[in-house]
Each structure stands twice: as C-alpha cells, then as structure tokens.
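Residue numbers (our numbering), protein chains in the order written: chain A, 318 to 455; chain B, 318 to 455; chain C, 318 to 455; chain D, 318 to 455.
Virtual Cβ for every residue (Gly too), placed ideally from N, Cα, C.
This one's a predicted model, so the numbers in the text were calculated from it and none came from an experiment.
Taking it in order: structure first as structure tokens, then the write-up.
Below is the structure:
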C-alpha cells in the first residue's frame, strides 16, 4: 500500500483555529509511525510555580496521537480517543520549549495505540502519555 | 481540625493568568471533598468536527483535582500530579457548557486521589478522569 | 427490553476452571449495572509483606467488569478489555476478605466503561480500577 | 555507585510462595534498567475462549515493575505501586508462552516509572503496562 502522507503545513493549518492552535503546538514531523511536534512553554500554559500545566502535556500528546491515527486510517473512517493515561515525570520551565514524539505501538483496524514522550529542551523526560484510539465508520 | 477553605474568588484569580485561565475554567464550588467548575466550549477549545478537544477535558479535570489537593494539604507542603487516567465517553458540542465535578477518593498524607466527572449541559457523561497527587515537602 | 440476568451459580461455574477460579473469586451479586464479589486474601495471592498483590486487585476487578459487560451485550457480540487503569490506595492483609463492587459508568453499543472499587473487611478503600470494554461482533 | 544485583534464583525463590509463584512467573533477566520473565499460558490463567486473562497480563507486569524498583532502591526504603495503566492489544493463546520485558522509564528518589511490554511466542505485541512506584521509608 502506498500511503500518501499529508503535507505538514496542511495539517498545521487545520490545527490553527482549534485547541492545539490556541496552545501553539508546532508540528515538526509526520511519518506513518511517528509524529513529532514542539510547544513553547508560554506563561499562560503553566500552572502555579512557572511550570507547564499537566493538562497542557496531556492536550499536546492527545493532539499528536490523534494525528498519527488519522493518517493511518482508511478512507471513510473516523477516530475518537477512548482512553489516555499519563505518567508525569518531570517539570518543564516557563519560556523553554518541550518536544513531543508520538510513536505507534499498535495500528489495527479497530483500535490504534500511540505513545507520546515529552522531553524538555535538555532532553529530560517530562511525561509519557499512552492513548487508545477507536476506529469507527465516518 | 478546622479547615479554612479559600474564597472561590481568590482561587479563580490565581487561575486567570495560567492555563485554566486561558481555557476559561470558571470555579463554582470549592469544598473539602469536592470541587466543581464549568467550561464554555469555545471553538478554540475544540478538535475537528466542533467537539471539545480531549486534551481540554484532561486539562479541565487536572485543574480541579489539583485545587482539591491543595486545599487539603497541610502548611509547608506542595503537590504534583504523578498520574492521570481518562476514559472518554461522549462528545461535548461547541458553544455549549460542560460541568466538571471532582471528588476526593482518597486524602492521605503521602498521596491523594481525585476523580473528576465531566458532563454536558444535558447531564450526559462525557469523561471520567482519575488522578493521583503526590504530597511533597515544599 | 427485558434483560434476563444469568443465575449467579451459572456464572460462578464458568469461572471455576479459569483465572478467577484459581484466585478464588466468589460472586455475590449480578445486576444490570452492578457486579459484586469477594476474594479471600490467601497467602499465595500476596506480595512480600503479607498484603494482597497489586496484580490480584487488577485481576479481580477485570473479572467483574467483564462480567458486567457480558450481561449487558446483545446476542452475537463479544467483548475485550482495551484499557484498564488502577489507583492503589491501601493494602489488604493476608487472611482477610476484600470485596469488589463494579459499577457501570457507561453502557454504549461500541464501548462500556466499568469501575470497580475494592474495599477491605473494615470498609477501607484499597483500589479503584476503571476499565474500557470494546464490543465486537462475535 | 556499584550496584549489586540480586541473583536471579534468589528472587525467583522469594516469588514462589507468592502470587507470581501461583501464576508460574519465571524470571529470565534482572538488570538495573530491565527485568525479563516468561509465563506459560496455563488453562487456569485464561479467560473464556482460551486466551490469557487480562488480569494475568497485569499481575505479570506488576511483578516485573516491582522487582525493577526494588533492585534500584537504596537501603532502608520500600515501594508500593500507586498506579498501573494497561493497554490490551492482542490475545495470547492457551498453552503458549508469553514474555514480558519491563524497562525503567524513570528512576527517581521519590518515584520510579516502569513499562512492561508483553509479547506472544511469535513476538506479537499483547499488552503494554505502565506503572508508577512510590518510594517510601521502610
């Protein structure tokens, strides 16, 4: 099967008016089994103490896993996240940039499982998010 | 022990410049074992298709569980979320309002566990988020 | 729709040669939205230190949530757990009995979500397990 | 720091009278950042249909992640699992052998995070279990 991957810019443009756009998610790589993006830790993405809000980690990851699923689905299908589990490991400081890399653990017909690893600018592990995507008829 | 609960307005004010403020989280109730808030589903909180982004559910819930933990901690302590698990059950449409109610499942000295149930304006169950908060020395 | 619930003894008999039988899971109640069972904390269900093994909590709960799903499925369907998330809150001592109560959070056509609360003999909260069941054609 | 790893046989012997012994968990490798074991899918570890019970996956993984944590803890500490999240991906047939490999995602002073990947005899991915271990004073 030849898979036609969407242009990065086209996907980025779709995100702009949506929640990932509000947060400033910037896509870097879209491949069949891998989606990479970065996020600048603006003050209004933080929790008290000047570190990235836990919810921002989860929203960032959810975005990448969903993109990974969409580009792997056949025509005429849609997807919804049924479950997402996050382990928070380290904080990311305000005014730094974190990078998220989402890898396909499973790409089936009924479900896909994507795992996103978020790291600080220095490469320190911040969070690991594992999500299940259900594939449904559109 | 007499617990002095913070005024709702004081906590709301702390949230304003942070991620919950960006999202528009509005606190409604803060009690010892329960925190309630609402969120208007703005277009820029959505994913494609005009439904609330999964990440917004998770960020909304994480905010409530963290507030619940903070108001139950002794002086001289701080908290961090170590884990958050979300079951997505139903979508919330753009331009509606969802309500999140976070209840304490466990309030211990070392950890607390809070579970947030998010419902649509019609009372339909949208998501259940369960999070573990670690209590640390400040 | 009239739902015919299976006799408790019939389900118990199915469990006997399987993993729940090995563990000694004893069903107490099977209702449409609730399944209750008990488990005696034998030494060979424990981890070091004479407390119930974390895996035993999870296997106990998985059993109850699956039974709850099966009794709610239409004919011609089967189910598989896609996700299970557990918060461990307190230990259960060897030679005591724990009780698990599994409640339906969602009973849809495509997925069901069941949450099992496990308590010690004194009613202390030990663990909360939330699982997603996918409904498939048999 | 020189870390003295325990002899495989010594750990296996500790497991024998406990839940992992009941299940038949056989340790293969214990390294600082990796624990590997295998499990023969006996009929009494299965669910209906002759596939490994979801609870057995979780108990198998919980065992490996706990061993990994214990061998990395300083003297005078103990550990407890606070959270475990499992994605079920594929079934393992009765009378086959599955292998679990647990890797350290994080080894901190307060928490450790271990992720166990369980594969069938043919190398097919069956489940991914991610758990958080809290480190406490003994």
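For residue i, which of helix, strand or coil comes out of DSSP?
i	result
residue 329 of chain D	helix
residue 368 of chain D	strand
residue 429 of chain C	strand
residue 387 of chain D	helix
residue 322 of chain B	coil
residue 438 of chain A	coil
residue 408 of chain C	coil
residue 444 of chain D	strand
residue 452 of chain D	strand
Cβ closer than 9 Å: which chain B residues qualify as neighbours of residue i?
i	result
residue 423 of chain C	404, 406, 407, 442, 445
residue 399 of chain A	404, 405, 406
Under 8 Å Cβ-Cβ, which residues of chain D neighbour residue i?
i	result
residue 449 of chain A	404
residue 379 of chain C	370, 371, 372, 375
Identify the continuous beta strand (DSSP E) that holds residue i and give its terminal residues.
i	result
residue 356 of chain D	351-357
residue 345 of chain C	343-348
residue 415 of chain D	414-424
Checking 7 Å against the spacing of the C-beta atoms, do residue i and residue j come in under that value?
i	j	result
residue 379 of chain A	residue 372 of chain B	yes
residue 419 of chain C	residue 447 of chain C	no
residue 384 of chain D	residue 342 of chain D	no
residue 404 of chain B	residue 400 of chain A	yes
residue 433 of chain B	residue 417 of chain B	yes
residue 347 of chain C	residue 381 of chain C	no
residue 369 of chain B	residue 445 of chain C	no
residue 375 of chain B	residue 375 of chain A	yes
residue 435 of chain D	residue 411 of chain D	no
residue 455 of chain D	residue 407 of chain D	no
So the candidates are the options; which of them puts its Cα closest to the Cα of residue i?
i	options	result
residue 361 of chain A	A:427, A:340, A:388, A:344	A:340
residue 345 of chain B	B:413, B:354, B:443	B:354
residue 333 of chain D	C:363, C:381, C:329	C:363
residue 453 of chain A	A:386, A:323, A:375	A:386
residue 357 of chain D	D:348, D:442, D:438	D:438
residue 395 of chain A	A:350, A:427, A:337	A:427
residue 338 of chain D	C:365, C:350, C:329	C:365
residue 327 of chain C	C:375, C:411, C:388, C:374	C:388
residue 322 of chain C	C:329, C:335, C:330, C:349	C:349
residue 391 of chain C	C:424, C:409, C:377, C:329	C:424
residue 359 of chain D	D:413, D:449, D:450	D:413
Heavy atom of the ligand FAD less than 6 Å from the Cβ of residue i, yes or no?
i	result
residue 444 of chain B	Annotation note on the ligand FAD: not contained in the displayed structure, which lists no ligands.
Residues of chain A with CB under 9 Å from residue i, in chain order?
i	result
residue 338 of chain B	361
residue 335 of chain B	360, 361, 362, 363, 364, 365, 370
residue 331 of chain B	365
Could you check where the alpha helix (DSSP H) with residue i kicks off and where it finishes?
i	result
residue 338 of chain A	336-340
What does residue i reach in chain A if we use C-beta pairs closer than 8 Å?
i	result
residue 430 of chain D	404, 406, 445
In chain C, which residues lie with their C-beta within 8 Å of the C-beta of residue i?
i	result
residue 456 of chain D	Given a span of 318 to 455 for chain D in the structure shown, any question on residue 456 of chain D remains unanswerable.
residue 427 of chain A	451, 453
Interface residues of chain B around residue i at Cβ under 8 Å?
i	result
residue 414 of chain A	Near residue 414 of chain A there are no residues of chain B at all, since even the closest Cβ is about 16 Å away, more than 8 Å.
Hey, does residue i have any beta-carbon neighbour from chain E nearer than 7 Å?
i	result
residue 396 of chain A	Protein chains A, B, C and D are contained in the structure displayed, whereas chain E is not.
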